[in-house]
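Engineer: Going letter by letter, the sequence shown gives residues 1 to 217 in the working numbering. Every residue, glycine too, gets a C-beta built ideally from N, C-alpha and C. Predicted model, so just to flag it, every value in this text is computed and none were measured. Let me give you the structure first, and then I'll get to my questions.
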Amino acid sequence: MQLRHGVNDDVLDYNNFGEEIKQWTYVHELSQTPTATDTPQPNQSRTRYGSSGPNAPVEAISIQGAGHNISINAAEVIRFFGLDGTGPSGSSSSSSSSSGGGSTIAVRARGTTAQESITLRVGGIDVESWTLATGMRDYTATTALSGDVLVAFTNDNGDRDVQVDYVQVNGQARQAEDQSENTGAWDGSCGGGSFSEWLHCNGHINFGPVSGVSSGM
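Take a look at the structure:
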């Protein structure tokens, strides 16, 4: 969902913009804390929820100096809906992004508080980050990178925990509980566990190389 609102709107009060954000982050079971903030144009402030990528499930754009009738940037709308080839936009069941051709990697995961953030890393390079819903969902990215596929929990605090069901690389499922390298599971201490779906602390699960079988399987 892409939201736009002029700060000087004299028909629909600007306070409704915040309520729209609350509504759509609730529908998508997302935190109301932005995953990313930027300025697409000098008079615009954009916040993204659920993903820092171009196809975040919820994207809100506040336009300074604009009233009720606002101009629409057609290229931005086309980009958001994935019609420029960047991939499908996020939906109530998944969030997708593209980092170039190559391998498609889907991470099925959930958080316990809807505030947890995970990062998909391939060959030591961050591909995409997402804020998790409390229900299991698929988070998908496409990358030409090679090397080990890692899912990292990056913002542990309080009751935040991450459960990873599996990672699917080009259609091949790799179960989290089958992986021997888990640096975020708790077993008396952070990083003390392995062969677990859970990341209780900041850390990662290594699902093995993009090509070939994953470790622990």
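(1) Using only alpha-carbon positions, find the residue among G124, P34, G50, I61 that is nearest to F17.
(2) Taking all protein chains shown into account, decide if D10 is buried (16 or more other Cβ within 10 angstroms of its Cβ) or exposed.
(3) Pull up the DSSP beta-bridge partners for Q168, would you.
(4) Would you report the Cα separation of T183 and L150, rounded to the nearest angstrom?
(5) Chain D beta carbons: is any one of them nearer than 8 angstroms to that of P34?
(6) Does the ligand GDP have even one heavy atom less than 7 angstroms from the beta-carbon of R110?
(7) Hey, is the region 172 to 187 in contact with the region 126 to 145, meaning 3+ C-beta pairs nearer than 8 angstroms?
(8) Which residue marks the beginning of the alpha helix (DSSP H) containing Q23, and which one marks its end?
(9) Short of 7 angstroms in beta carbon distance, which residues of its chain neighbour T104, apart from the five on each side in sequence? Order them along the chain.
(10) Any idea if V77 is buried or exposed, counting beta-carbon neighbours within 10 angstroms, 16 or more meaning buried?
(11) With H204 as the anchor, note down where its beta strand (DSSP E) starts and where it stops.
(12) Note down, in chain order, each residue of its chain lying with its Cβ closer than 8 angstroms to the Cβ of E59, except the 5 sequence neighbours on either side.
(13) Got a sec? Which residues, its chain only, sit under 8 angstroms from L39 by beta carbon, not counting five neighbours each side?
(14) Which residue from H5, T113, P209 puts its Cα closest to that of N69?
(15) Assuming contact is defined by CB atoms lying nearer than 8 angstroms, are N15 and G67 in contact in what I supplied?
(16) Thinking C-alpha only, which one of A36, T35, A176 is nearest V107?
(17) Taking DSSP as the reference, what is the three-state secondary structure of V77?
Structural biologist: Taking the structure as given:
(1) I61
(2) exposed
(3) A106, A173
(4) 11 angstroms
(5) No chain D is present in this structure, which holds just one protein chain.
(6) You won't find the ligand GDP in this model; it holds no ligand whatsoever.
(7) no
(8) 15 to 27
(9) T140, T142, N170
(10) exposed
(11) 203 to 209
(12) M1, Q2, L3, R46, T47, R48, Y49, F80
(13) Looking at the sequence itself, residue 39 is Thr, so the reference to Leu does not match. Only S45, R46 meet the Cβ criterion.
(14) H5
(15) no
(16) A176
(17) helix
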